[in-house]
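In case it helps, UniProt numbering puts the sequence shown at residues 1 to 840.
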Amino acid sequence: MSEMAVWISKHSNNNVETSDVAGNKISRMRIRRFYSNLFDQPVIEPKQQIDAMSLLAEIEVSVKRKRRTQKSPVINEDGVSPKKKRQQNASLDFIDSEESMEDNGNCSGSDDLPCASSSSTSSSSSRFTDTCNSHGKENLPKRCHQCARKDRLIVVPCCKCKEKVYCIRCIKKWYPQMSEEEITEACPFCRGKCNCNTCLHLTGISKTPQSDITKDEKIRHALFLIQSLLPSLKQICDEQSMEMEIEASTRGISINSCEVEVEEACCFDNERVFCNNCATSIFDLHRSCPECSYELCITCCREIREGNLRGGAEEVVFCYPNRGYDYIHGGDPLEATSESDNLMGQASHEWKVTGEAVVPCPPKERGGCGYSRLELKRIYPKGWITDLKVKAEELVRRCPRVPSQQDCKNIGSEMLRRAACRADSDDNYLYCPGFREIMKEGELMHFQRHWANGEPVIVCDVLEQTPGLSWEPLVMLRALCDCMDFKTGSKFSEVKAIDCLACCEVKISTPLFFKGYTEGRAYKNLWPEMLKLKDWPPSANFEDLLPRHCDEFITALPFQEYTNPKSGILNLAVKLPEGALKPDLGPKTYVAYGLAEELGRGDSVTKLHCDVSDAVNILTHTTEVLMTEDQCSKVEMLKQKHKAQDEREGLCSAQKDEPVDETWPEQFDGIEGTTFPGFSSEGCEESGSALWDIFRRKDVPKLQAYLIKHRKEFRHIYCSPVEKVVHPIHDQVFYLTLQHKRRLKEEFGIEPWTFLQKRGEAVFIPAGCPHQVRNLKSCTKVALDFVSPENIHECFRLTEEFRRLPKSHRVREDKLEIKKLTLHAVNQTVKDLEDLMAVE
1 MSEMAVWISK HSNNNVETSD VAGNKISRMR IRRFYSNLFD QPVIEPKQQI
51 DAMSLLAEIE VSVKRKRRTQ KSPVINEDGV SPKKKRQQNA SLDFIDSEES
101 MEDNGNCSGS DDLPCASSSS TSSSSSRFTD TCNSHGKENL PKRCHQCARK
151 DRLIVVPCCK CKEKVYCIRC IKKWYPQMSE EEITEACPFC RGKCNCNTCL
201 HLTGISKTPQ SDITKDEKIR HALFLIQSLL PSLKQICDEQ SMEMEIEAST
251 RGISINSCEV EVEEACCFDN ERVFCNNCAT SIFDLHRSCP ECSYELCITC
301 CREIREGNLR GGAEEVVFCY PNRGYDYIHG GDPLEATSES DNLMGQASHE
351 WKVTGEAVVP CPPKERGGCG YSRLELKRIY PKGWITDLKV KAEELVRRCP
401 RVPSQQDCKN IGSEMLRRAA CRADSDDNYL YCPGFREIMK EGELMHFQRH
451 WANGEPVIVC DVLEQTPGLS WEPLVMLRAL CDCMDFKTGS KFSEVKAIDC
501 LACCEVKIST PLFFKGYTEG RAYKNLWPEM LKLKDWPPSA NFEDLLPRHC
551 DEFITALPFQ EYTNPKSGIL NLAVKLPEGA LKPDLGPKTY VAYGLAEELG
601 RGDSVTKLHC DVSDAVNILT HTTEVLMTED QCSKVEMLKQ KHKAQDEREG
651 LCSAQKDEPV DETWPEQFDG IEGTTFPGFS SEGCEESGSA LWDIFRRKDV
701 PKLQAYLIKH RKEFRHIYCS PVEKVVHPIH DQVFYLTLQH KRRLKEEFGI
751 EPWTFLQKRG EAVFIPAGCP HQVRNLKSCT KVALDFVSPE NIHECFRLTE
801 EFRRLPKSHR VREDKLEIKK LTLHAVNQTV KDLEDLMAVE
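Pasting the structure below:
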């Protein structure tokens, strides 16, 4: 007898027996019991499971052949119809019910055995009913809807659709949260949560919950949007008018007496035009070289005339040497090699105006030809922006002003969550409603009240309103691989993950990465290895690769007026015309390992940074990974080793006497919100999975000052100390540990909103609020960017900050194109409002 057959005989009842292909007598009933519980046996290895399944399949085939021969001989062309044959074969499935009755005395003796009596109320009575329909007529044995296999021994039918069945193995593997009774009542397909390969690529299953918007509400939203964007529209018009006046002056004509003719640039709707100097998006007026096609935005033109060009700072390259594995883990570094300086920059080249404010093409070292004159060009039709401003002002003048969002009623304490302990502050509590509450009338006003103040918002239980599709990474990976051909799918055989200790990319096979997600990984010295995938899968079109998950995510989004990427009436990102290139705002998935204990070095974190747009982040899946006792002891020893290394390098003590560098933000002077204005963990439950810290906008200058003062106490790539920074927030090189947050409050009197995010919670982050995240468990999050009218001024301010960063900086490119977005949003909203007001 084979090894697996011995195991089956050892772990089964010995009453009823049959013979396998080798003549070994094995209980058919025991085979079924073993088959359904196979994957619950901790002593069976994966290879043994496969061997066992193969053996059981052979036995099953042999038994069926034998009984067919005994009960109804197979006759090919002797008058027996195929239907009769199928009925005979289907009836064999009831034999095991009789064997179970003989073995146990009643149906309930084993949860894995079917019951022959149709009147039984046992949970097992719902199994194998695929052989009879509701009228008692026998049908063909049905395939499991999940795995599409027809040879599964135990299946659970659905009484709702009366068509789908799911085998026990697939239920345990892919729907562990559902009981057999629940599947009998309504199968995963009927509930809209089936994750088989076919259903994972269907669309339109999830229905977005939207309240009906009345005509008055549409008018109110449109007016609110125009009123919010009008100051930005006026700013754009003023900048354009100033450049037109300069152009008229250089031509020797009066702009009041003669309209300046500006040549139209050759530009297509599906084309993006960027300034060659500062990388800011060019949306209309700009200057272009007729010889080399060098293009310059009008902001850079103005700064050149003023002799203070801030945009397009010279490239800065930071060198973080790799001092070896031992150094990263607290040991001695490798011998220093002859590398370049830590901070390198290119030499600047003079660029001045000539004559009457004429801007020449820059020298070749800056990318131009060095001798031609830059000519003024336009993209939009002549006078289009000015006319748009006049229309918007007229509509605002004609219509009543939208009431202030501050006028809404007070919020109950059950919808508030304490996130800070600031003295004399009224914003220590964050608005935290449940998904059911936000669907009530008036809750949008509550959201707008807090959102207009630049406060984060947390919405709980957003996944409860979805069908319940699995967000387990392996399900997503299966859906992803199923839509790939061999050539494309080979790219996903491995992933580029970020090693949180070395802060650099590492290649790892996809199965190993996701195994570490559920089981954890460690270096050879047992220090936890924290890996994360950012923006996965690596494609700009999440909807095409994972359509069901995309639908599920959009269904879960709270406050659809702002967040819906296709129909959000207050989302500026949806106002772009058809055919125009749209910014990549997501959805994007982030998969990361996590650990509850703060390691201090190599934690699974998203370092402190600031986004140019608003964002909503939903935690869709978590898995807790625990360290063993031996690993905990080793980690404590390594922490002491890290501490000793910090002391040797002078990184552990606060340098309180070191003066704050007052010169670093000079290139950011004049931008609103960057000048100085004159850790509490309360409320954090143990069930949280991600620790968030979000700073107020008005605290940003003090936060920057702290980071500059203590920059040498932080480590970045290859655990090298941070010597220099360009911008302490936009560089994304700092993570404030609990110790640093305490010192920040002691020295500068500020603290962030700190809270834990649970599975199914959506976190809204306003544009311009620096934030950081640490994963306490393995987490899968899905994020979406959007642009709200309340924060349009922050988008403008951050875009201006980004253009002043050095070339090749990670956030320098103007991906949002906020000025073009503003123009199209006002234009579309004006059209919509005129149509609404015209309909009586």
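Every residue gets a Cβ at the ideal spot worked out from N, C-alpha and C, and that includes glycine.
From this set, R417, A573, E185 and L526, which residue's C-alpha is nearest E629's C-alpha?
Comparing Cα positions, the closest option is L526.
If we call anything under 7 Å between Cβ atoms a contact, is K389 one with C237?
Between K389 and C237, the gap from beta carbon to beta carbon is short of 7 Å.
Report the residue ranges of all alpha helix (DSSP H) runs contained in full by the UniProt domain "RING-type" (144-191); include only those spanning at least 4 residues, in chain order.
Correct list: 168-174 and 180-185.
Thinking C-alpha only, which one of K172, K162 and K377 is nearest C266?
For the residues K172, K162 and K377, the minimum Cα distance to C266 belongs to K377.
Could you give the first and the last residue of the continuous alpha helix (DSSP H) run that contains S633?
Its alpha helix (DSSP H) spans residues E629 to R648.
Validate contact between the segment 557-575 and the segment 623-643 using beta carbons, cut 8 Å, 3 pairs
No: fewer than three Cβ pairs fall under 8 Å.
How is C460 classed by DSSP in three states: helix, strand or coil?
Strand at C460.
Is the CB-CB distance between L416 and P456 below 7 Å?
Not a contact, by the Cβ cut-off of 7 Å.
Under 8 Å, with one C-beta from each stretch per pair, do the segment 592-605 and the segment 751-768 reach the 3-pair mark?
With the rule of 3 Cβ pairs closer than 8 Å, the segment 592-605 does not count as touching the segment 751-768.
For G368 versus C361, is the C-beta distance shorter than 7 Å?
Yes, Cβ-Cβ distance for G368 and C361 is below 7 Å.
Taking the C-alpha atoms as reference points, what is the distance between D216 and M837?
Going by the C-alpha atoms only, they are around 10 Å apart.
Is it right to say S232 is buried, meaning 16 or more other beta carbons lie within 10 angstroms of its own, or is it exposed?
Counting Cβ neighbours within 10 Å, S232 comes out buried, since at least 16 surround it.
Does D611 pass the burial test, meaning 16 or more other C-beta atoms within 10 Å, or should it be called exposed?
With 16 or more neighbouring CB atoms inside 10 Å of its own CB, D611 falls in the buried class.
Which term fits C504, buried or exposed, when burial requires 16 or more other beta carbons within 10 angstroms of its beta carbon?
C504 should be labelled exposed.
Is the beta carbon of G252 less than 7 Å from the beta carbon of N277?
It is not a contact, given that the beta carbons lie outside the stated cut-off.
Select from F786, C421 and P433 the residue whose C-alpha is nearest the C-alpha of S413.
Nearest C-alpha to S413: P433.
If we ignore side chains and look at the alpha-carbon of each, how far apart do A556 and P467 end up?
Approximately 10 Å between the Cα atoms of the pair.
How far does the beta strand (DSSP E) with E494 in it extend, from its first residue to its last?
E494 to D499 is the span of the beta strand (DSSP E), which, as asked, contains E494.
Option nearest H710 by Cα separation, candidates S687, E747, Y718 and D693
It is E747 whose Cα lies nearest to the Cα of H710.
Could you give the DSSP three-state label for W753: helix, strand or coil?
Reduced to three states, the DSSP call for W753 is strand.
Between the CA atoms of D535 and C779 - distance to the nearest angstrom:
Roughly 14 Å separates the two Cα atoms.
Which whole-angstrom value is the C-beta distance of I717 and Y320, which I expect to be below 8 Å?
Rounded, the Cβ-Cβ distance is 4 Å, consistent with contact.
Measuring CB to CB, does A596 end up less than 7 Å from K532?
Contact flag unset, no.
For the alpha helix (DSSP H) holding P592, just list the boundary residues, first then last.
According to the sequence provided, residue 592 is Ala. The question's Pro does not apply to it. Where A592 is concerned, there is no enclosing alpha helix (DSSP H), although the beta strand (DSSP E) it sits in stretches over K588 to A592.
Given A522, which residues of its chain have a CB within under 6 Å of its CB, disregarding the five upstream and five downstream residues?
Hits under 6 Å: P528 and E529.
Beta-carbon within less than 6 Å of L821's beta-carbon, same chain only, minus the 5 sequence neighbours each way: which residues are those?
The residues are L572.
Should A419 and T754 be called a contact, given that it needs their Cβ atoms to be closer than 7 Å?
With contacts defined by Cβ atoms closer than 7 Å, A419 and T754 form a contacting pair.
In chain order, what residues of the same chain lie with their CB nearer than 6 Å to the CB of E794, ignoring the 5 residues before and after it?
If we look at E794 and ignore the five residues flanking it on each side, its Cβ neighbours are A767 and G768.
So, at 7 Å on beta carbons, what are the nonlocal neighbours of K364 in its own chain, with the 5 sequence-adjacent residues on each side left out?
So the qualifying residues of the chain are G370.
Looking at the unbroken beta strand (DSSP E) that takes in V782, where does it start and where does it end?
Judged by DSSP secondary structure, V782 falls within the beta strand (DSSP E) whose first and last residues are S778 to F786.
Starting from R397, trace the alpha helix (DSSP H) both ways and give me its first and last residue.
Per DSSP, R397 is one residue of the alpha helix (DSSP H) stretching across W384 to R398.
Should Q177 be labelled buried (16 or more other beta-carbon atoms within 10 Å of its own) or exposed?
With fewer than 16 Cβ atoms within 10 Å of its Cβ, Q177 is classed as exposed.
Out of Q828, H740 and L501, state which residue places its alpha-carbon closest to the alpha-carbon of Y325.
Minimum Cα distance to Y325 is reached at L501.
Using a threshold of 7 Å, state whether the C-beta atoms of Q772 and L599 are closer than that.
Cβ distance not < 7 Å, so Q772 and L599 don't count as in contact.
Pick from D785, W692 and I792: whose alpha carbon is nearest that of G586?
By alpha-carbon distance to G586, the top candidate from D785, W692 and I792 is D785.
Can you give me the start and stop residues for the beta strand (DSSP E) that Q772 sits inside?
Going by DSSP, Q772 is part of the beta strand (DSSP E) stretching over H771 to N775.
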